Every structure is written in structure tokens, then in C-alpha cells.
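Asks: Take this structure, written in C-alpha cells, and hold onto it; I'll ask about it next.
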Amino acid sequence: KAGVTQTPRYLIKTRGQQVTLSCSPISGHRSVSWYQQTPGQGLQFLFEYFSETQRNKGNFPGRFSGRQFSNSRSEMNVSTLELGDSALYLCASSRLAGGQRETDTQYFGPGTRLTVL
Amino acid sequence: AQSVSQHNHHVILSEAASLELGCNYSYGGTVNLFWYVQYPGQHLQLLLKYFSGDPLVKGIKGFEAEFIKSKFSFNLRKPSVQWSDTAEYFCAVITNTGGFKTIFGAGTRLFVKA
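Those protein sequence lines, which keep their order, are chains A and B. Throughout the first sequence, residue numbering follows my numbering, covering 352 to 468 in sequence. Throughout the second sequence, residue numbering follows my numbering, covering 48 to 161 in sequence.
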């Protein structure tokens with residue numbers, strides 16, 4: 352079956368702009384989680400959506416937001432971009448919501464590399 | 048705040064050497080523990096996980112990890128590495144503080160010399 356897909360794969364923006372990233376989960380998966388990966392901070396959890404509801408949230412400012420659609424596809428939006436937002440943004444999907452993954456596996460997408468100039 | 052520490056950022060081994068990557072977490076409650084691997088040019092993928100039961104967990108490709116609750120550790124091991132094990136390895140923890148959150152370690156880059 353098709354894996355997790357993320358679009359676009361690469362993006363260049365300037366400070367102050369906003370950006371929307373998209374994630375399509377594996378068919379049948381209802382949970383989508385977003386992570387930010389940087390060389391300095393590593394992989395950090397942004398938020399998780401399950402059945403169109405945000406279930407869990409990491410420690411990121413309100414400029415980072417997301418949503419999930421009825422087909423489980425998810426978008427992440429970052430407003431008023433800062434240089435420090437340059438990162439690889441990963442999305443992961445699973446059947447179940449966070450904390451319930453003993454019989455479940457989280458599958459990661461290839462990521463969207465965002466560069467803020 | 049909860050955190051996950053991976054002791055080695057870079058490890059270089061020769062083929063057939065044994066591997067042990069350290070992982071410690073700081074959280075006193077119930078945790079679910081994971082090791083993920085990212086091979087060059089590939090997506091992050093799950094190696095193994097621990098939720099409950101036998102603290103020695105076996106994963107794919109001959110990897111195993113041992114959960115030692117008293118030491119807050121979840122070290123990854125492999126008796127004999129291969130060149131194809133060259134990758135970055137991430138330890139992760141799911142805690143239930145203010146909702147379930149996955150916390151990743153900084154990662155360990157393993158290079159196996161042929």
C-alpha cells in the first residue's frame with residue numbers, strides 16, 4: 352500500500368511569510384502527527400490530529416497550527432515565518448491515536464524541507 | 048520537563064562488531080519506549096518498541112533493546128553489525144503528561160566500516 356506522502360518536498364520562503372504543508376496518511380490511518388527536525392533541536396513533536404480533532408500538542412508557539420480533514424489528510428500552517436523555522440517537517444500516520452500504539456505502528460513520510468530566508 | 052538522552056552522537060564500528068547504543072529518559076510515570084532508524088535517503092522507520100511485559104524486546108534486523116526501569120534506560124543492542132546498519136538511530140518515549148506526547152532523543156549516527 353502507498354506510504355505517507357508529504358507535499359511539497361522542498362520549500363523556500365522569506366521571513367514574515369506563511370506556509371502550508373500537506374500530509375496524506377496511509378489509507379485507513381486516522382492519526383496524523385507532525386514533527387519538526389532541526390540539527391540543533393532534533394525531532395520535536397508539534398501536534399497530533401485524530402478524526403479531525405487535535406488530540407495532543409507540543410511546546411510550539413501559536414504560529415504553528417494544523418488541521419485534519421474528513422479523509423484524514425492533514426495540513427500544517429506556519430504564519431509569520433522566522434529564520435529559526437527552517438527545518439525538516441515530518442508527518443507520521445497511524446491507525447490509533449497517541450499512547451495507544453502497542454498494536455499499532457507509526458509510519459513516517461519523507462518530510463518537507465522548509466528554508467526560510 | 049521530560050527528556051530523552053542518547054549518549055553517543057556518532058559511533059563508528061567495523062563489521063561484525065557488537066553494538067550498544069545508550070538511551071536514558073527522565074520521566075517517573077508510565078512510559079512507552081521506541082527505537083527508530085533512518086537509513087540514508089529513507090524515511091524514519093520503527094525498529095522496536097516496548098509497552099509492557101518482557102523488558103527484553105526484539106525488533107527487526109536482529110536488533111533488541113532492554114528496558115531497565117530502575118535505570119530509566121532503554122539501550123539498543125545488536126550482537127554483530129553489518130555495513131547495511133549504517134544509519135541514524137533515534138530513541139523515543141511516549142509520556143502521558145498533559146496528553147500523550149512523543150519525545151525523541153537527539154539521535155546517534157552509526158557508521159559501519161566494511
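Built from N, CA and C at the ideal position, the CB exists for glycine as well. Just so we're clear, the structure is a prediction, and the values are computed from it rather than from any experiment.
Rounded to whole angstroms, what is the Cα-Cα separation between B:SER131 and B:ARG124?
Replies: Approximately 15 Å between the Cα atoms of the pair.
Asks: Exposed or buried, A:SER382, counting other C-beta atoms within 10 Å across all chains shown (16 or more means buried)?
Replies: Its Cβ being crowded by 16 or more others within 10 Å, A:SER382 is buried.
Asks: Determine the DSSP secondary structure at A:LEU434, reduced to helix, strand or coil.
Replies: If DSSP states are grouped into helix, strand and coil, A:LEU434 belongs with the helices.
Asks: Just list the beta strand (DSSP E) runs in the stretch 98-129 of chain B, keeping only unbroken ones of 3 residues or longer that don't cross its boundaries, in chain order.
Replies: With a minimum length of 3 residues, the continuous beta strand (DSSP E) runs that stay inside the stretch 98-129 of chain B are 103-105, 111-115, 120-125.
Asks: Hey, A:TRP385 and A:LEU394 are a contact pair by Cβ (cut 8 Å); roughly how many whole angstroms apart?
Replies: Incorrect: roughly 11 Å between the Cβ atoms, too far for contact.
Asks: Taking the beta carbon of B:TYR86 as the centre, do at least 16 other beta carbons fall within 10 Å, making it buried, or is it exposed?
Replies: B:TYR86 is exposed by the Cβ-count criterion.
Asks: B:THR144 CB to nearest chain A CB: under 8 Å?
Replies: So, not an interface residue.
Asks: Is B:ILE150 closer than 8 Å to B:ALA139 when the C-beta atoms are compared?
Replies: Contact flag set, yes.
Asks: Determine the chain A residues that contact B:GLY75 at a beta-carbon separation under 7 Å, and present them in chain order.
Replies: What B:GLY75 touches in chain A: nothing, since even the nearest Cβ is about 17 Å away.
Asks: Chain A partners of B:THR133, CB-CB under 9 Å?
Replies: Residues of chain A passing the Cβ test: none, with the nearest at roughly 19 Å.
Asks: Return the chain-ordered list of same chain residues with a C-beta closer than 7 Å to the C-beta of A:LEU432, the five sequence neighbours on each side being excluded.
Replies: These residues qualify, in order along the chain: LYS364, ARG366, GLY367, GLN368, GLN369, VAL370, VAL467.
Asks: For B:SER50, which three-state DSSP category applies?
Replies: Reduced to three states, the DSSP call for B:SER50 is strand.
Asks: Within 10 Å of its beta-carbon, does A:GLU399 have 16 or more other beta-carbons around it, so buried, or fewer, so exposed?
Replies: When all chains shown are included, A:GLU399 counts as buried.
Asks: If you follow the beta strand (DSSP E) that B:ALA64 is in, where does it begin and where does it stop?
Replies: Element bounds for B:ALA64: n/a, residue is neither H nor E.
Asks: Using CA atoms only, rank isn't needed, just tell me which of B:GLN89, B:GLY88, B:ASN79 is closest to B:LEU95.
Replies: The option with the nearest alpha carbon to B:LEU95 is B:ASN79.
Asks: Excluding the 5 residues preceding and the 5 following A:LEU447 in the sequence, name in chain order all residues of the same chain whose CB lies nearer than 7 Å to its CB.
Replies: These residues qualify, in order along the chain: SER382, ASP455.
Asks: Which residues in chain A have a C-beta closer than 8 Å to the C-beta of B:GLN234? List them in chain order.
Replies: Residue 234 of chain B is absent from the model: chain B starts at 48 and stops at 161.
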